[in-house]
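Heads up: the structure comes next, in structure tokens.
Structural data, given as structure tokens:
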């Protein structure tokens with residue numbers, strides 16, 4: 107991406123008194139102008155602490171935060187000019203919708219007339235213009251979250267921070283709001299940081315994803331990079347599902363896996379010796395057991411193995427199989443529209459492209 | 104014993120307990136309208152003389168004013184120091200928080216008779232007895248535990264992230280408190296204030312130690328009066344006090360109940 | 007707000023933990039009041055107990071046990087302490103016995119008037135204790151409600167003595183502290199799950215077994231708390247013993263007041279307060295031991 111860096115985090119650290127390990131351990135992150143970065147990780151990984159340090163709600167133990175080239179680490183929260191959306195919506199229950207949205211403008215001393223016009227405009231943008239006079243308690247969850255988004259955006263924030271903004275909503279609503287938030291964010295061009303524990307959310311909304319675990323950033327990259335080329339076993343298993351083999355790299359790009367023999371893998375910079383090999387269930391293809399076409403002959407670039415279907419799980423658009431191949435169970439996913447659905451005990455052949463078999467460090 | 108018998112028995116027992124609980128209060132109402140000036144039952148006839156006598160007894164009238172002045176000032180002072188303290192206890196993690204909380208709630212554990220004595224012994228050399236300042240300070244001590252507890256409960260039920268939201272939007276700590284926290288905990292502050300007012304208004308023992316000739320709150324004036332007389336005027340005054348206390352509570356419940364329905 | 011408007015100077019020194027020290031400013035106003043009109047006086051009264059009374063309101067600043075030895079050797083003060091202790095025990099016991107069925111009823115009832123009934127049980131708390139004591143004087147007096155009723159039914163020829171004695175004080179205090187006991191019990195009765203009793207019934211336990219084996223053990227902690235609360239309130243009660251006791255029931259609280267304001271023997275009043283505090287402390291210790299034993303038995307179930 108060509109954008110210049112807008113948010114730069116250096117060696118950011120947070121320790122809480124009385125705890126052995128830091129909540130956030132010297133992380134570095136940069137977010138380009140107009141970019142949406144997702145902080146993704148399991149609960150307790152430090153993602154929310156990081157976001158709250160960016161906002162200024164938590165004081166870092168060490169490290170710096172720069173926004174637009176300016177060090178804001180010591181600037182108090184109310185002078186940072188950011189916008190934030192909270193998991194609990196955090197609307198002011200004693201104020202009506204437009205007063206909620208106008209709050210930040212009022213704090214900035216914006217004149218009443220301009221306040222009204224900007225509030226009306228932003229409410230139109232989130233399609234809530236007709237509810238401006240409602241009390242927030244009378245709104246549905248999805249409407250409340252859109253008010254929260256409008257409240258954060260109306261001040262033209264330097265940064266938009268979203269802390270699990272969708273996790274208090276039900277699944278249907280979540281998906282439609284994902285799209286809406288992403289569109290509004292792109293239209294306004296506001297640099298954004300988005301905290302979530304939901305990988306689908308992170309992959310579908312973010313320009314780039316930073317996967318966090320135990321207070322450190324495990325990997326940063328575009329959604330495809332993260333999914334297709336995970337840097338570690340943690341990333342591979344946290345995002346999507348994966349078949350993992352504990353094995354030995356015997357020569358460059360070749361591993362020896364029990365039951366499969368020597369297998370070629372995608373190029374890797376990992377040293378020889380103990381490694382983990384990973385292949386996604388979608389990268390494994392199933393063939394009829396009696397297929398004899400010449401292109402189905404086993405080659406190092408496209409190995410073929412015989413297997414038996416152990417279980418089938420049909421979810422409408424997808425079929426997930428567990429297939430036994432010489433004593434190892436592989437997870438395989440195919441789109442249901444192609445071919446027939448196999449059942450338990452059916453004999454099959456499995457194959458993959460050696461580029462999809464990746465080597466992972468710890 | 105079958106269920107029907109047991110249930111009837113249960114009802115009779117509970118009914119008897121309720122009667123025991125309300126008997127002296129009902130009796131006060133009846134006696135307050137009695138024409139007899141002696142302490143006796145049943146009443147001889149109906150009159151409102153006792154109520155007239157309450158308002159023509161100087162000790163009662165000045166006692167009422169004294170009590171109101173003390174209760175108003177004690178409540179105001181209590182609310183200021185309790186709200187700030189409750190804010191510290193619920194919104195900040197700091198070393199010594201637990202100890203400080205225990206200190207603020209501990210006056211509840213001290214027998215009033217001992218606190219009254221302690222205040223007399225300490226305030227007398229300082230010239231703080233028989234005056235408003237000493238009484239108000241003493242009442243604030245008695246009221247703080249109630250107010251701190253009530254306001255803390257109210258603060259813990261408020262979503263702290265709406266305060267964070269206000270800060271991110273540019274509100275300083277003080278503005279956040281005034282514009283967000285204070286409106287949200289207002290029911291708790293009102294409830295704490297009502298409790299403080301009632302505790303102060305009804306306080307007899309500590310006031311007994313600290314009042315003399317110049318400043319005598321109503322409960323003390325009533326006690327002094329009952330040393331010599333206990334006629335229907337005492338009943339009439341008691342009725343007025345009961346109506347006053349219950350009235351305040353009902354009004355507050357009405358007001359707060361109303362605001363609750365507005366918010367949800 | 008654009009970044010250009012943000013303050014651009016960074017303080018040279020990082021502010022170390024500003025919030026931590028700042029929070030004390032929220033506590034200091036209340037703490038100062040409590041320090042001046044609560045903690046210091048309480049410490050002062052302890053110190054006062056060791057001064058010597060030299061008659062005529064004079065006090066010698068010294069360190070002696072004279073007042074304590076007077077309290078512990080004079081049979082009169084020992085009797086007063088004994089009366090106070092007995093009053094505390096009787097009132098605590100009877101209040102708990104009376105409050106228990108009411109609290110249990112309020113915890114279990116499914117009536118739509120539950121809130122109203124609860125209010126009826128608690129509301130007398132709001133009635134001035136002086137007023138309620140007066141009510142009992144009318145009920146218990148020689149020409150009061152009870153004696154009039156008994157007399158008109160021809161059950162007694164002379165009024166039975168219900169006031170100006172220990173019995174009258176007990177009756178009045180039980181009623182005055184009843185709402186406190188109900189409140190203390192109710193908060194502990196939350197654990198009472200009617201499903202447990204129904205489960206016991208389905209297993210064939212009869213009403214009495216159910217009560218003894220399920221309800222009573224589950225409610226015991228609340229009962230103990232109520233008993234402690236009422237005991238503590240009773241031994242420091244002043245108004246009711248003075249008015250209903252009619253000068254015949256001598257308790258520590260009245261003695262403390264008399265010594266402090268009439269005899270001006272402040273060291274003795276302070277020493278008597280210490281006795282009250284000691285009884286108080288003993289009650290809390292016994293409560294804690296019992297409570298721990300009950301908890302242990304429950305967790306052992």
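Protein chains in written order, with the numbering used here: chain B, 107 to 468; chain Z, 104 to 367; chain F, 7 to 307.
Ideal Cβ placement from N, Cα and C applies to all residues, glycine included.
For the stretch 306-360 of chain B, the continuous alpha helix (DSSP H) assignments of 4+ residues that do not extend past its boundaries occur at 329-334, 339-344, in sequence order. Fewer than three Cβ pairs drawn from the stretch 164-182 of chain F and the stretch 220-231 of chain F lie within less than 8 Å of each other, which leaves the two stretches out of contact.
Within 8 Å of the CB of residue 193 of chain F, no CB atom of chain Z is found; the nearest one sits about 13 Å away. Residue 163 of chain B has a beta carbon lying within less than 7 Å of a beta carbon in chain Z. By the Cβ criterion, the stretch 137-148 of chain F is in contact with the stretch 178-197 of chain F, since at least three pairs of Cβ atoms, one from each stretch, lie closer than 8 Å. The beta carbon of residue 36 of chain F sits closer than 7 Å to some beta carbon of chain Z.
For residue 212 of chain B, the enclosing alpha helix (DSSP H) stretches over residues 203-213. Residue pairing for residue 58 of chain F: DSSP places it in a beta bridge opposite F:66. Pairing residue 247 of chain B with residue 295 of chain Z, the inter-Cα distance amounts to about 32 Å. In this structure, DSSP gives residue 159 of chain F a state outside helix and strand, which the three-state scheme calls coil. Collapsing the DSSP output to three states places residue 244 of chain F in coil. The alpha helix (DSSP H) runs of length 4 or more contained entirely in the stretch 77-132 of chain F are, from start to end of the chain, 81-114, 120-128.
Separation of the CB atoms of residue 242 of chain F and residue 296 of chain F is rounded to 21 Å, and the pair is thereby denied contact status at 8 Å. Of the candidates F:40, F:270, F:274, F:55, the residue whose Cα lies closest to the Cα of residue 83 of chain F is F:274. For residue 338 of chain Z, the CB contacts under 7 Å within the same chain, skipping 5 residues up- and downstream, are 131, 134, 135, 153 in chain order. Annotated as proximal: residue 51 of chain F and residue 279 of chain F, with beta-carbon spacing under 7 Å. The shortest CA-to-CA distance from residue 47 of chain F to any of Z:353, Z:231, Z:266 is the one to Z:231.
Counting of Cβ neighbours within 10 angstroms places residue 122 of chain Z among the exposed residues, the total staying below 16. The contact set of residue 225 of chain Z on chain F, defined by CB atoms closer than 7 Å, consists of 46, 47, 50 in chain order. The DSSP-derived three-state label of residue 418 of chain B is strand.
Taking 8 Å as the upper bound on Cβ-Cβ separation, chain Z lies near residues 54 of the stretch 52-67 of chain F. Look at residue 142 of chain F: its C-beta is under 7 Å from a C-beta on chain Z. Per DSSP, reduced to three states, the secondary structure at residue 462 of chain B is helical.
Collapsing the DSSP output to three states places residue 426 of chain B in a strand.
Taking 7 Å as the threshold, the shortest C-beta distance from residue 272 of chain F to chain Z falls below it. With respect to residue 189 of chain Z, residue 293 of chain Z sits apart: the two C-beta atoms are not nearer than 7 Å. Contact check for residue 389 of chain B against residue 264 of chain Z fails: the beta carbons are separated by 7 Å or more. At a beta-carbon threshold of 9 Å, the residues of chain F lying near residue 191 of chain Z are 29, 30, 31, 32, 33, ordered along the chain. Of all residues in the stretch 119-137 of chain F, those with a C-beta nearer than 9 Å to a C-beta of chain Z are 123, 126, 127, 129, 130, 132, 133, 134, 135, 136, 137, reading in chain order. For residue 135 of chain F, the enclosing alpha helix (DSSP H) has its first and last residue at 135-146. Of all alpha-carbon atoms in Z:234, Z:149, Z:261, Z:319, the one lying nearest the alpha-carbon of residue 166 of chain Z is that of Z:319. The closest CA to that of residue 267 of chain Z, considering only Z:257, Z:290, Z:284, Z:256, is found on Z:284. Of the other Cβ atoms in all chains shown, 16 or more fall within 10 Å of the Cβ of residue 173 of chain Z; this residue is therefore buried. Within the stretch 194-209 of chain B, the residues whose Cβ lies closer than 8 Å to any Cβ of chain Z are, in chain order, 194, 196, 197, 198, 199, 200, 209. Taking all protein chains shown into account, residue 167 of chain F has fewer than 16 neighbouring C-beta atoms within 10 Å of its C-beta and is therefore exposed. DSSP places residue 289 of chain B in the uninterrupted alpha helix (DSSP H) bounded by 277-294.
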